[in-house]
DNA sequence: TATCTAAGCTACGGCACCGTATCGTAGCTA
DNA sequence: TAGCTACGATACGGTGCCGTAGCTTAGATA
């Protein structure tokens, strides 16, 4: 009821400054919003609740963001994950590594729990839809990088449509995670990658 | 302000019976709920709005369903679509037809607009999750039927995992519809099916 | 020490929603 | 005609939310 937080993040116990700096306040608000987002989805992020969790006064939050939506955008932006692009030297190795990383994120990442609510919002709000498209493209850019390298090595057909390759691999993973709700084990992921490789390498030649 | 509706569906203008039968009232409520669901997603279905749209008094709605959630379940159940299983005589023909039908539904079906909100709800409510799994399995049962026939004809490896085949085809379609937000043209759909066939037929032999 | 910036608190008006209570009444059936 | 069933209208209590107002005060800076 009295001891307030210390810096970005949870309400800690240090009796430090009862008043936080502008930056600390913004960070704490965003952290709480992020937390709520992953826990309850977009609709679970209310300004009142962010204020409660962060220990930042609601009025203060409104001094930093003009509306709930603005805060939400900032929070989503902040943690939009980007898959890091592996470089194993072979197309098969790269794709397998990337796919396994993606599967990992899908299963354990807190982001994957917030995703459906964003997709849902995008369904009826064009601004969100554009934002989501952009963010998503960024997240999946690893596929493009990998394909480009493979093409440079002559390992992959020059005129292959990267977006098809991406859909062929990410699609089945996403499908299992959110639609059929089956397990995403390593065998499945490797199978998906092999399927994509069979097509791209042998069937075109 | 005064003239009420006629039967199941929209508030029509005929000054017909101001009081509808028990059945008509239930049908009208469900129809309105369905409409709101496809238009605004799960969270857009409020009892007040259902009452407004259907012309059924809120009190009456509560006489038929104990809670908003119960009404929602009924409404979702009612229209959960089931892809009809084609029978063209060949595996390629069947899968292509099924996939094209699915793509069609994804792009034009009102159901596809409600889906993300259900997935989102399933993310944090196990009851919804189970419901969704079941419904989804039913919707995708066509793949199993097709595969079984192909296996009986010896066109398909007996030990193929149908769920992998389903994921390989439905996955990329869903992915494009909701995640990458790209167009789902016929060429893409056919490509996805070919990819699946290449694997299942040649690579195993 | 004086000043100024920005955080904190309490409270509010407005709205949408859930679920219930109360009363009135249409229309069927005995 | 009497009575029963189920719908309709209004209203309410309670909650959660958005965004704002008014005021206080900590802490950095000049």
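Residue numbers (my numbering), protein chains in the order written: chain G, 6 to 210; chain H, 6 to 210.
A virtual CB, placed ideally from N, CA and C, is assigned to each residue, including glycine.
May I ask you to report which of helix, strand or coil DSSP gives residue 145 of chain G? Looking at residue 145 of chain G - three-state DSSP - the assignment turns out to be coil, as it is neither helix nor strand.
Is it right to say residue 43 of chain G is buried, meaning 16 or more other beta carbons lie within 10 angstroms of its own, or is it exposed? By the 10 Å Cβ count, residue 43 of chain G comes out buried.
Check the Cβ-Cβ distances between residue 128 of chain G and every residue of chain H, and say whether any is below 8 Å. Taking Cβ atoms only, chain H reaches closer than 8 Å to residue 128 of chain G, which makes this a yes.
Can you tell me whether DSSP reads residue 194 of chain H as helix, strand or coil? In this structure, residue 194 of chain H counts as helix in the three-state DSSP scheme.
Quick check: the Cα distance between residue 68 of chain H and residue 185 of chain G, rounded to an integer number of angstroms? Cα-Cα distance, rounded: 35 Å.
Whole-number beta carbon distance between residue 38 of chain H and residue 77 of chain H, since they are thought to touch under 8 Å: Right, their Cβ atoms sit about 7 Å apart.
Among H:179, H:202, H:26, which one has its Cα closest to the Cα of residue 121 of chain G? Out of H:179, H:202, H:26, H:179 has the C-alpha closest to the C-alpha of residue 121 of chain G.
Using DSSP with H/G/I as helix, E/B as strand and the rest coil, what is residue 203 of chain H? Reduced to three states, the DSSP call for residue 203 of chain H is helix.
By how many angstroms is the C-alpha of residue 110 of chain G removed from the C-alpha of residue 116 of chain G? Cα to Cα, the separation comes out at about 8 Å.
Quick one: Cα of residue 183 of chain H to Cα of residue 108 of chain H, how far? Taking the straight line from one Cα to the other gives about 12 Å.
Answer with buried or exposed for residue 190 of chain H, where buried requires no fewer than 16 other C-beta atoms within 10 angstroms of its C-beta. Taking a 10 Å sphere around the C-beta of residue 190 of chain H, we find fewer than 16 other C-beta atoms and assign the residue as exposed.
Relative to the C-alpha of residue 47 of chain H, which candidate in H:113, H:79, H:144 has its C-alpha closest? When each option's Cα is compared against that of residue 47 of chain H, the closest is H:79.
Does the CB of residue 86 of chain H have a neighbour CB from chain G at under 8 Å? So no, residue 86 of chain H is outside the interface.
Alpha-carbon spacing of residue 83 of chain H relative to residue 96 of chain H, whole angstroms: Roughly 31 Å between the two C-alpha positions.
Cβ atoms of residue 195 of chain H and residue 187 of chain H: under 8 Å apart, would you say? Contact: no.
C-alpha gap between residue 202 of chain H and residue 170 of chain G, whole angstroms: Within the model, the alpha-carbon separation for residue 202 of chain H versus residue 170 of chain G is close to 16 Å.
For residue 90 of chain G, does the three-state DSSP call read helix, strand or coil? Coil, per DSSP.
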